[in-house]
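**Q** Pasting a structure below so you can have a look.
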Amino acid sequence: EYSRQYFPEFGDPWSHPRAKLVVQDAFEFLKIPGNTFDVIVSDTTDPIGMAERLFSEEFYRLMWGALNPGGAIATQCEQPYFDTALIKEIAGFVKSMAKNPDYYYAQIPTYPGGGIGFMYVSDTPWQNGLTRAYPPGQMNYLNPEVHRAAFALPEFFRRELDG
82 EYSRQYFPEF GDPWSHPRAK LVVQDAFEFL KIPGNTFDVI VSDTTDPIGM AERLFSEEFY
142 RLMWGALNPG GAIATQCEQP YFDTALIKEI AGFVKSMAKN PDYYYAQIPT YPGGGIGFMY
202 VSDTPWQNGL TRAYPPGQMN YLNPEVHRAA FALPEFFRRE LDG
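The following block contains the structure:
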């Protein structure tokens, strides 16, 4: 309700019949039979205290189990300059789940280091998203070049992930 009132410029994504906002323990919600999704977005806090389990293999497997065939998961996945070991661990176990997982990065100046990373988990290659139409003049950030560039990682970090 607050976003509708204070951020009307973002539209009203929650009015879409397939959109569902759930405020609940994610672990418990994902264990409920029949809760399946085309897309799962997990925007977590940092992996400290109780939130650590949101970066665990168990949580990723719960999300993967709730994903419809052809679906995708996008999760906040920390900063490559500060959290390389954690990202490498996550990248390792998602490779055992999905055919086309990948890490990507966005410039967001309010985060330490000027950006934050995300994990894409899907059997569908992220490049398939480049075939969609990006409405000219209607997007403020995303375009095909930014989409592609998000997956272009510094060589030191790519070596760590591939290593």
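Mapping of the sequence shown onto the working numbering: residues 82 to 244, in sequence order. Just so you know, even glycine gets a beta-carbon here, dropped at the ideal spot from N, CA and C.
Give the C-beta separation of V202 and Y141 to the nearest angstrom, bearing in mind that I take them to be a contact with Cβ-Cβ under 8 Å.
**A** 7 Å between Cβ atoms; contact.
**Q** Tell me, to the nearest whole angstrom, how far the beta carbon of C158 is from that of M200; I am working on the premise that it is less than 8 Å.
**A** That pair is a contact at about 4 Å.
**Q** What is the rounded straight-line gap between the Cα of R239 and the Cα of N209?
**A** Each residue's Cα considered, the two are about 21 Å apart.
**Q** Along the beta strand (DSSP E) that carries L211, what are the first and last residues, could you check?
**A** No beta strand (DSSP E) contains L211, which DSSP labels as neither H nor E.
**Q** Count the CB pairs spanning the segment 142 to 150 and the segment 104 to 122 that are closer than 8 Å, and state whether there are at least three.
**A** Contact between the segment 142 to 150 and the segment 104 to 122 is present, because at least three Cβ pairs lie under 8 Å.
**Q** Alpha carbon to alpha carbon, how far is G244 from F88? Give it in angstroms, no decimals.
**A** Near 43 Å, if we compare the C-alpha coordinates of G244 and F88.
**Q** Could you tell me the distance, in whole angstroms, from the CA atom of T117 to the CA atom of A100?
**A** T117 and A100: Cα-Cα distance of roughly 12 Å.
**Q** Quick check on Q188: does DSSP put it in helix, strand or coil?
**A** Q188 falls in the strand class under three-state DSSP.
**Q** Closer than 8 Å, CB to CB, is S123 near chain C or not?
**A** Among the chains of the structure shown, chain C does not appear; only one protein chain is present.
**Q** By the three-class DSSP mapping on this structure, what secondary structure does F199 have?
**A** Strand.
**Q** Looking at C-alpha atoms only, which residue of T156, I189, S137, I154 is the closest neighbour of E170?
**A** It is S137 whose Cα lies nearest to the Cα of E170.
**Q** For V175, does the count of other Cβ atoms within 10 angstroms reach 16, so buried, or fall short, so exposed?
**A** Burial call: buried.
**Q** E185 and G198 look like a contact to me (Cβ under 8 Å); what is the Cβ gap, rounded to whole Å?
**A** Rather than Glu, the amino acid found at residue 185 in this sequence is Tyr. Contact flag correct, Cβ pair sits at about 7 Å.
**Q** Can the beta-carbon of D164 be found less than 8 Å from the beta-carbon of N181?
**A** No, Cβ-Cβ distance for D164 and N181 is not below 8 Å.
**Q** Inspect the beta-carbon positions of H228 and L242 and report whether they are closer than 8 Å.
**A** No. Outside cutoff.
**Q** Select from Q160, M220, A214 the residue whose C-alpha is nearest the C-alpha of G195.
**A** Nearest C-alpha to G195: Q160.
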